[in-house]
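Residue numbers (full-length UniProt numbering): 1 to 277.
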């Protein structure tokens, strides 16, 4: 199917089942129902505080949605968004396992997926100064926000068609439009070579390795931390020294709000972060 036959729009309540199907297809991690219930309403609860989400979908034209014009992306903050910290942690929603990118092959004759969503990206702004041990920026007064890409996925029948690239580009543009945002970051499970190549091609740099970050079907897996600096943001001096230390408390601060689903999915185990050479 040609890209011109796709509609680009925000995630909505009508997408609840389809967005879950996409994630089940693309990720080894199982998200809790609450993750999807909140995402389709445009927010995410992190430590008891609701944060607005940015989302963009590529969907097959089913006649029910109003698409966005090229370059028009809505949702998730803008310059006026205030992201507040909060005590407590609902522990229900988990973060991405490492973002699908454009991995996989699409063969001629592939049947169309049963669900309508060909690709999706979900991200949110986070207050940079909230996570002191996980600080990615040298000037959090000038850049109080970072953008976190929670998930990026495209269904197998639509890969190699530029969908993930357009989704990521729109997310980057959204982060750049907020001048208070100095960095975009994400996690990639270490065996996902296609995603690693995809993010490297799009200007993300690998700054550390999170050891034993995932537990999938009883086996531990490491994750890479990837960062793209925007709006003049820079890494703090000593960043790699921080990543050489034990940062269990940092994991609890940053990812504790992303609870892990029970049964068959993945959950975060305590781990050590190693800096890249």
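Glycine residues also receive a C-beta, built at the ideal position from the N, C-alpha and C atoms.
Practice task
State the DSSP-derived secondary structure class of residue 174, mapped to helix, strand or coil.
Solution key: Assignment of residue 174 by DSSP, reduced to helix, strand and coil, places it in the helix class.
Practice task
Say yes only if the C-beta of residue 168 is nearer than 7 Å to one or more non-hydrogen atoms of the ligand NAP, and no if none qualify.
Solution key: Inclusion of the ligand NAP in the displayed structure is not the case, the ligand content being empty and no account of it being possible.
Handout entry: 8 Å CB neighbourhood of residue 39 in its chain, flanking five on each side removed
Key = Excluding residues within five positions, the ones whose Cβ falls inside 8 Å are 11, 19, 53, 55 and 122.
Practice task
For residue 118, I'd like the list of residues in its chain whose CB is within less than 7 Å of its CB, leaving aside the five on either flank, ordered along the chain.
Solution key: Apart from sequence neighbours up to five positions away, the residues of its chain that approach residue 118 with a beta-carbon distance below 7 Å are 6, 58, 59, 60, 154, 155, 158 and 163, ordered along the chain.
Problem - Whole-angstrom C-beta distance between residue 235 and residue 138, which should lie under 8 Å - result: Yes, residue 138 and residue 235 are in contact; Cβ-Cβ is about 6 Å, under 8 Å.
Handout entry: N-terminal and C-terminal residue of the beta strand (DSSP E) that residue 38 is part of
Key = Note, residue 38: premise wrong, no beta strand (DSSP E); alpha helix (DSSP H) at 33-39.
Problem - Backbone CA spacing between residue 216 and residue 147 [nearest angstrom] - result: For residue 216 and residue 147, the distance between alpha carbons rounds to 26 Å.
Practice task
Can you grab the Cα-Cα spacing for the pair residue 250 / residue 32, in whole Å?
Solution key: Legend: pLDDT at residue 250 = 38, less than 50; position of this residue unreliable, value from coordinates given subsequently. Taking the straight line from one Cα to the other gives about 22 Å.
Exercise for the section: Please say whether residue 129 and residue 144 have beta carbons closer to each other than 8 Å? Expected result: Between residue 144 and residue 129, the CB-CB gap stays under 8 Å.
Exercise for the section: Reducing DSSP to helix, strand and coil, say where residue 20 ends up. Expected result: The answer is helix: DSSP assigns residue 20 an H, G or I state.
Handout entry: Backbone secondary structure at residue 198 - three-state DSSP
Key = Reduced to three states, the DSSP call for residue 198 is helix.
Exercise for the section: Please name the residue, chosen from 203, 195, 207 and 190, that lies closest to residue 223 on a Cα-to-Cα basis. Expected result: Closest by C-alpha distance to residue 223, out of 203, 195, 207 and 190, is 190.
Problem - Closest residue to residue 51 among 152, 16, 124 and 27 (Cα-Cα distance) - result: Put simply, of 152, 16, 124 and 27 the residue whose alpha carbon is nearest the alpha carbon of residue 51 is 124.
Exercise for the section: Keeping to the same chain, check which residues put their C-beta closer than 7 Å to that of residue 13; ignore five residues upstream and five downstream. Expected result: Around residue 13: 40 and 41.
Exercise for the section: Drop a sphere of 10 angstroms on the beta-carbon of residue 195, count the other beta-carbons inside from all chains shown, and report buried for 16 or more, exposed for fewer. Expected result: So residue 195 counts as buried.
Practice task
Give the DSSP-derived three-state secondary structure of residue 252 in the structure shown.
Solution key: At residue 252 the pLDDT is 39, less than 50, meaning the model places this residue with poor confidence; the figure from the coordinates comes in the next sentence. In the structure shown, residue 252 sits in a helix (DSSP, three-state: H, G or I).
Practice task
Please classify residue 166: does DSSP put it in a helix, a strand, or coil?
Solution key: In the structure shown, the three-state DSSP call for residue 166 is helix.
Exercise for the section: Work out the CA separation of residue 225 and residue 209 for me, nearest whole Å. Expected result: Annotation: residue 209 to residue 225 spans about 6 Å, alpha carbon to alpha carbon.
Exercise for the section: Could you name the residues of the same chain whose beta carbon sits closer than 6 Å to that of residue 179, not counting the 5 residues immediately before and after it, in chain order? Expected result: Apart from sequence neighbours up to five positions away, the residues of its chain that approach residue 179 with a beta-carbon distance below 6 Å are 231, ordered along the chain.
Exercise for the section: Taking all protein chains shown into account, decide if residue 24 is buried (16 or more other Cβ within 10 angstroms of its Cβ) or exposed. Expected result: The residue in question, residue 24, is exposed, as its Cβ has fewer than 16 Cβ neighbours within 10 Å.
Problem - Where residue 191 falls: helix, strand or coil (DSSP) - result: Looking at residue 191 - three-state DSSP - the assignment turns out to be coil, as it is neither helix nor strand.
Exercise for the section: Determine, using beta carbons only, whether residue 228 and residue 197 come nearer to each other than 8 Å. Expected result: With respect to the 8 Å criterion, residue 228 and residue 197 are not classified as neighbours on the basis of their beta carbons.
Handout entry: Beta-carbon spacing of residue 185, residue 152 below 8 Å
Key = Not a contact, by the Cβ cut-off of 8 Å.
Exercise for the section: Check residue 209 in the structure and name its three-state DSSP category. Expected result: When secondary structure is reduced to three states using DSSP, residue 209 falls in the strand class.
Problem - Alpha carbon of residue 16 to alpha carbon of residue 44, nearest angstrom - result: Rounded to the nearest angstrom, the two C-alpha atoms are 14 Å apart.
Practice task
Would you identify the three-state DSSP class for residue 158, choosing helix, strand or coil?
Solution key: DSSP, read as helix, strand or coil, puts residue 158 in helix.
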